[in-house]
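Going by the numbering used here, the first residue of the sequence shown is number 18, and it counts up by one from there.
Note sheet for the following structure.
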Amino acid sequence: MMQIDKSKPVMVTGATGYVAGWLVKKLLDEGFTVHAPVRDPEKKEKLKYLNDLADKATGKIKYFKADLLAPGSYDEAMKGCELVYHTASPFTSKIKDPQKDLVDPALKGTRNVLESVNKTESVKRVVLTSSCAAVFGDSKDLLALPNGTATEENWNTTSSLNHQAYSFSKTVAEKEAWKMNKAQNRWDLVVINPTLVIGPGINPKSTSESYNLIKQLGDGTMKMGVPPFEIGVVDVRDVAEAHFNAGFVSEAEGRHIVSSESKTFLQLADYLRPSFGKDFPLPKRQLPKFVVWLSAPSVGVSRKMVSNNMGYPWKVDNTKSKEKLGIKYISPEKSINDFFQQMVDSGVFNK
Ligand code: NAP
18 MMQIDKSKPV MVTGATGYVA GWLVKKLLDE GFTVHAPVRD PEKKEKLKYL
68 NDLADKATGK IKYFKADLLA PGSYDEAMKG CELVYHTASP FTSKIKDPQK
118 DLVDPALKGT RNVLESVNKT ESVKRVVLTS SCAAVFGDSK DLLALPNGTA
168 TEENWNTTSS LNHQAYSFSK TVAEKEAWKM NKAQNRWDLV VINPTLVIGP
218 GINPKSTSES YNLIKQLGDG TMKMGVPPFE IGVVDVRDVA EAHFNAGFVS
268 EAEGRHIVSS ESKTFLQLAD YLRPSFGKDF PLPKRQLPKF VVWLSAPSVG
318 VSRKMVSNNM GYPWKVDNTK SKEKLGIKYI SPEKSINDFF QQMVDSGVFN
368 K
């Protein structure tokens, strides 16, 4: 059975990111030396939050320069590591070219990191941050599944470069990881497939799309109403715990859907109303699907995206994450309130 030596360094790609932040904190608090390959180790402002964590912890953090698109650039950071977390991948809606901005860093980046793993004899396990977006594409696709519910058995077959490009990028990247894992027998692969991650980050002003989406509930963008859209949500602290346990639970294997409950945007706004309704223009109603469909192109959203995703129930099975990784989910009500409070405190809504 695979055992990780806790005295060895652990590598985390994308350590500066929203999802990786709490994982790095947990590793540092447990006394690990974290090897953090980042794009720009000289950008002190970006590393400030991680350095603050390390100052308060028993573990250490060491930075290396690396880019998902630069072959071999992860070799140095990986030296001596038995465990590699690969979280880095762009999660943004601000894209011009889906191939260049999403698919290349996701797919070539995964290949690049795993080629370094193949060269680094010490590595025993890789934990990959995939997404529920690699499990299924559009909400409508769930209708074809038993009980309308997705499990780890399912794969996204409907996303493409032209439709749901982010989901496509995560699907091709995870498939590549499984292909490279199956072509050898030294390292095992454990995959985390989170739904929409919410909750307070280590860096209160992250660029993750999670921030952009939730910010819109409070900045007036959605004051006339929210789209009739439901999605699974999960607290960023639970996602970190799932990653940590995926690294250290010897018998962990395969994919893990990591999701607390599915909620509509209106339900999320309703959770915020008692504490924030007086001071913020939280949405009070759901817009009819046809209204969203008509106006979609004017906000850069395709009508196909609206047709195939709005107004559908959204169900995934999180049993495996609870049974195999021991996750006890934080409630969406707490996650969204803690997240919003952090945005308020850090001045995200200040004009
Ligand atoms: P994020 O805060 O924007 O983090 C993305 C990370 O990837 C950053 O550390 C970024 O580094 C790094 N990165 C991007 N392009 C890179 C490149 N070319 N070379 C090296 N590093 C690069 O977003 P996030 O939400 O934490 O996403 C992290 C992971 O979680 C991704 O794999 C994403 O698909 C996955 N995920 C997120 C969610 C969610 O709801 N947030 C849900 C499911 C899965 P810089 O700091 O240098 O930009």
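Note that CB positions come from ideal geometry on N, CA and C, so glycine has one too.
Computed from a predicted structure; not experimentally measured.
Inter-residue Cα distance where the pair is residue i and residue j
| i | j | result |
| --- | --- | --- |
| Glu191 | Ala150 | 10 Å |
| Leu299 | Gly249 | 20 Å |
| Val333 | Leu160 | 12 Å |
| Val207 | Gln233 | 33 Å |
| Phe185 | Phe261 | 26 Å |
| Tyr80 | Leu230 | 30 Å |
| Glu247 | Val318 | 17 Å |
| Thr104 | Lys222 | 18 Å |
| Tyr91 | Pro54 | 7 Å |
| Asp355 | Asp362 | 10 Å |
| Gly264 | Lys82 | 23 Å |
| Val189 | Asp22 | 31 Å |
| Val152 | Ser276 | 12 Å |
| Ser312 | Glu93 | 49 Å |
| Tyr102 | Ser147 | 11 Å |
| Glu258 | Val36 | 11 Å |
| Thr281 | Thr212 | 13 Å |
| Ile112 | Asp118 | 6 Å |
| Asn135 | Ala74 | 31 Å |
| Met197 | Val144 | 13 Å |
| Pro330 | Ser156 | 7 Å |
| Lys65 | Asp57 | 13 Å |
| Glu340 | Pro314 | 43 Å |
| Val214 | Ala200 | 32 Å |
| Asn325 | Gly154 | 9 Å |
| Gly294 | Asn367 | 16 Å |
Which of helix, strand or coil DSSP assigns to residue i
| i | result |
| --- | --- |
| Pro58 | coil |
| Ala269 | coil |
| Thr104 | coil |
| Met197 | helix |
| Phe366 | coil |
| Met239 | coil |
| Met322 | helix |
| Asn129 | helix |
| Met28 | strand |
| His20 | One point to set straight first is that residue 20 is Gln, not His, in the sequence displayed. Coil at Gln20, not helix or strand. |
| Thr336 | helix |
| Ser184 | helix |
| Ile347 | coil |
| Asn173 | coil |
| Glu247 | strand |
| Tyr80 | strand |
| Asp252 | strand |
| Arg290 | helix |
| Ala74 | coil |
| Ala257 | helix |
| Glu278 | strand |
Other residues of its chain near residue i: CB distance less than 6 Å, five sequence neighbours each side excluded
| i | result |
| --- | --- |
| Pro245 | Gln303, Lys306, Met327, Gly328 |
| Leu285 | Ile353 |
| Leu283 | Val243, Gln303 |
| Arg272 | Glu169, Val208, Asn210 |
| Tyr288 | Glu350, Ile353 |
| Met239 | Gln233, Pro300 |
Counted within 10 angstroms of its Cβ, other Cβ atoms place residue i as buried (16 or more) or exposed
| i | result |
| --- | --- |
| Ala32 | buried |
| Gly34 | buried |
| Val243 | buried |
| Val316 | exposed |
| Ser227 | buried |
| Arg290 | exposed |
| Ala182 | buried |
| Gly369 | Here the chain comprises residues numbered 18 to 368, so residue 369 is not present and cannot be evaluated. |
| Leu342 | buried |
| Lys187 | buried |
| Met241 | exposed |
| Ser176 | buried |
| Asp72 | exposed |
Cβ shell of residue i (< 7 Å), same chain only, five flanking positions each side left out
| i | result |
| --- | --- |
| Arg254 | Trp39, Gly216, Ile347 |
| Glu193 | Leu124, Thr127, Arg128 |
| Lys42 | Leu70, Ile219 |
| Gly48 | Thr75, Gly76 |
| Ser338 | Ala259, His273, Ile274, Val275, Ile344 |
| Asp236 | Phe366 |
Cutoff 8 Å; reference residue i; Cβ partners in own chain excluding five residues on either side
| i | result |
| --- | --- |
| Met19 | Lys141, Arg142, Asp205, Ser267 |
| Cys98 | Lys25, Pro26, Val27, Met28, His52, Thr137, Ser139, Val140 |
| Leu67 | Ala32, Thr33, Gly38, Val41, Ala53, Ile78, Ile219 |
| Phe178 | Strictly speaking, residue 178 in this sequence is Leu, with Phe absent from that position. Same-chain partners within the cutoff: Pro115, Gln116, Val120, Phe185. |
| Arg44 | According to the sequence provided, residue 44 is Leu. The question's Arg does not apply to it. Once the five neighbours on either side are set aside, the close Cβ partners of Leu44 are Val27, Val29, Val51, Gly76, Phe261. |
Residue i: CB within 6 Å of a non-hydrogen atom of ligand 2
| i | result |
| --- | --- |
| Val323 | Only ligand 1 can be found as ligands here, which leaves ligand 2 out of the picture. |
Residue-chain proximity (residue i, chain B), Cβ-Cβ < 7 Å
| i | result |
| --- | --- |
| Ala194 | Protein chains in the displayed structure number just one, and chain B is not present. |
Check whether the region 159 to 174 and the region 115 to 134 are in contact - that is, three or more C-beta pairs closer than 8 Å.
no
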